[in-house]
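Each residue of the sequence shown is one higher than the one before, counting from 664 in this note's numbering.
Each residue gets a CB set at the ideal place from its N, CA and C atoms; glycine is no exception.
Heads up: the structure comes next, in structure tokens.
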Amino acid sequence: MRWALVKVCLAVTTMVVIAFAVPLGLVIKEMARDRAFSNAEREAAVVVPALSITTDRDQLERVVASAGSDDGMAVHLPAGDGRSAVDLGRQRVADADIAAVRKLGRASTAEVPGGSALLQPVALSLGTVVIEVYVPESEVTNGVGTAWAVLAGVGAALVVGSVAVADRLGVRMVQPARRLVEGAHELGEGKLGARVPEEGPNELRLAAVAFNSMADQVVQLLANERELAADLSHRLRTPLTVLRLNAASLGDSSAAEQTRTAVAQLEREVDTIIRTAREAKPQTTAPGPGAGCDAAEVVRERMAFWSALAEDEGRKVRTAGVDRPVRIPVARADLAAALDALLGNVFRHTPEGTAFAVDVHNGEDAVIVLVSDAGPGIPDPEAAMARGRGSGTAGSTGLGLDIVRRLAESTGGDVRIGSSVLGGTEIRIWIQLDGREPVRRGHRGTVRRRRRAVAR
């Protein structure tokens, strides 16, 4: 494209220069010729007054000498009244040309060796006198060569300038297109961070914007696939926990041991799938208008699911704040997955018989969901949150807290780990209702006061 543009510009500029320079050069040449013959006519006009006064040879020779060079002018007097024809100066033209001018009575030019001659007739009483003025070729072409050289230089400068401008324009067009091609190759090779600068001509800039938007959508789709695979795999851990706990109560038979081994192997496979899927962290988008669920209803449903297992293990269960609807801008399936992840951690990391509770506090601008237990607690809450951000260790993928964190942050809220009133761990999910940043100061005391009010 670049060289094609340069060639087109070169051809067009060359044709324009030729179309204007050649006629202009011819005009300059003609103007130089007209100037030379105009000077010759002025020289001839100097002799005319003298011819009207006298025809004496000596006097006319002095006039001719004063008017110009003796070699450059000649005066041809006609014969008559017993006088023979008189020729003053050097004659260069043929007698036939002089006779023709005298007969026609108008000026004429004739080609002579070394230049041209102007034949100017003058009608006097003694007849028609022909004045011959020699115009050398150097005078006819005086300044023409310089003018043509200037025109050629200007034309060459125009051609070079137009080629340079065309080359710059070609570079400006080709570079964005080349970057777009390179970006497409990189994206095709799996380099998901490949992006194209949005610059250049308007069409290529729009193409770059479309390419970057497509790349972002590809990254988002892949992230969503990984997130879905991780979430689905993590949700398998809920029934796996039930199977593991049930397998623990089967006794010491070989079938029971095989069942426990199979469950443990299945848990390891699920953990492997989760870690593999989390290599690229997805971004959770905020739900659209009208999306959401009733948090109280979801809590009641999930607590009913886990209550059977809690009863088998002798765990005391308490819920609060679920007696009336509590609308939150979170999808039902996402909230259920977050609750299952936290409750599954309670069963997985606390001894049998440990009590736990789920409280829902409905405020004006936020809803707080508290999952607390009476277990040994979490000695390092920051390390636990770090696992939730992707640094899972052996035996823990960290995806449970990551699901909860992404759910809260999608609304502008957050997740915190602390100590519960039951003596163990309390995980607080702050769900913002209006999408604003969560209030960082004072809300924990508010939660405590609300909890005491609910307990009363």
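*Could you check the C-alpha separation between N865 and W969 for me, to the nearest Å?*
Whole-angstrom Cα-Cα distance: 60 Å.
_In the DSSP assignment, the alpha helix (DSSP H) including S801 goes from what residue to what residue?_
E800 to V803
*DSSP-derived helix/strand/coil call for G846*: Note: G846 maps to helix in three-state DSSP.
_Excluding the 5 residues flanking A815 on each side, which residues of the same chain have their C-beta closer than 8 Å to its C-beta?_
A684
*Take every Cβ of the segment 796-815, pair it with every Cβ of the segment 836-846, and state whether three or more of those distances are shorter than 8 Å.*
no
*Using 10 angstroms around the beta-carbon of L867, count the other beta-carbons present and answer buried if the total reaches 16, otherwise exposed.*
buried
*With distances taken between CB atoms, is the gap from V980 to F1019 smaller than 8 Å?*
yes
*Counting Cβ pairs closer than 8 Å, one from the segment 1019-1030 and one from the segment 974-989, do we hit at least three?*
yes
*Which first and last residues belong to the beta strand (DSSP E) in which L913 is found?*
Here L913 belongs to no beta strand (DSSP E), and DSSP marks it neither H nor E.
*asked:* According to DSSP, is A943 part of a helix, a strand, or is it coil?
replied: The predicted position of A943 is uncertain, since its pLDDT is 46 and thus under 50; a value taken from the coordinates is nonetheless stated next. The answer is coil: DSSP assigns A943 none of H, G, I, E or B.
_Residue(s) in a DSSP beta bridge with S876_ = For S876, which the question treats as bridged, DSSP gives no partner whatsoever.
*When burial is assigned at 16 or more other CB atoms within 10 Å of the CB, is W666 buried or exposed?*
exposed
*In the DSSP assignment, what are the bridge partners of N1025?*
V1030
*Grab the span of the alpha helix (DSSP H) containing R995 for me, first residue to last.*
R995 to H1012
*DSSP three-state call for G953: helix, strand or coil?*
Note on G953: pLDDT 48, under 50, position unreliable in the model; no value is reported.
_For V796, three-class secondary structure by DSSP_ = strand
*Rounded straight-line distance, which links the Cα of G735 to that of E800*: 13 Å
_Buried versus exposed, by CB contacts within 10 Å (16 or more), H848_ = exposed
*asked:* Taking the straight line between their C-alpha atoms, what separation do you get for L1006 and L1064?
replied: 11 Å
*Should G953 go down as buried or exposed, given a rule of 16 or more other Cβ atoms within 10 Å for buried?*
Model confidence at G953 stands at a pLDDT of 48, short of 50, so the residue's coordinates are unreliable and nothing is read from them.
*asked:* Contact between the segment 990-1006 and the segment 956-975 is defined here as three or more beta-carbon pairs at a separation below 8 Å; is this criterion met?
replied: yes
*From S788, P776 and L767, residue whose alpha carbon lies closest to that of I716*: Of the listed residues, the one whose Cα sits closest to I716 is S788.
*Is Q783 buried or exposed, if buried means 16 or more other CB atoms sit within 10 Å of its CB?*
buried
*Nearest to E795 by CA position, among S912, A1071, F700 and G955, is which residue?*
Put simply, of S912, A1071, F700 and G955 the residue whose alpha carbon is nearest the alpha carbon of E795 is F700.
*Is Q1095 near G1081, with beta carbons less than 8 Å apart?*
no
*DSSP state of G808 mapped onto helix, strand, coil*: helix
*asked:* Can you look up I1041 in the DSSP assignment and give me helix, strand or coil?
replied: coil
*State buried or exposed for I1041, treating a residue as buried only when at least 16 other CB atoms are found within 10 Å of its CB.*
buried
_Limits of the unbroken beta strand (DSSP E) element including E774_ = S771 to V775
*What are the boundary residues of the beta strand (DSSP E) that includes L855?*
Per DSSP, L855 belongs to no beta strand (DSSP E) and is neither H nor E.
_Is the separation between the beta-carbon of N805 and that of A703 shorter than 8 Å?_
no
*Coarse secondary structure for D975, derived from DSSP in three states*: helix
*Which residues in the same chain have their Cβ closer than 6 Å to the Cβ of E802, if we skip the five residues on either side of it in sequence?*
Only A699 meet the Cβ criterion.
*May I ask which residues mark the beginning and end of the beta strand (DSSP E) holding A786?*
Element bounds for A786: G778 to L787.
*What are the residues that DSSP puts in a beta bridge with V980?*
F1019
*Can you tell which of P1014, A1029, V738 and G856 has the C-alpha that lies nearest to the C-alpha of D721?*
In terms of Cα proximity to D721, the closest of P1014, A1029, V738 and G856 is V738.
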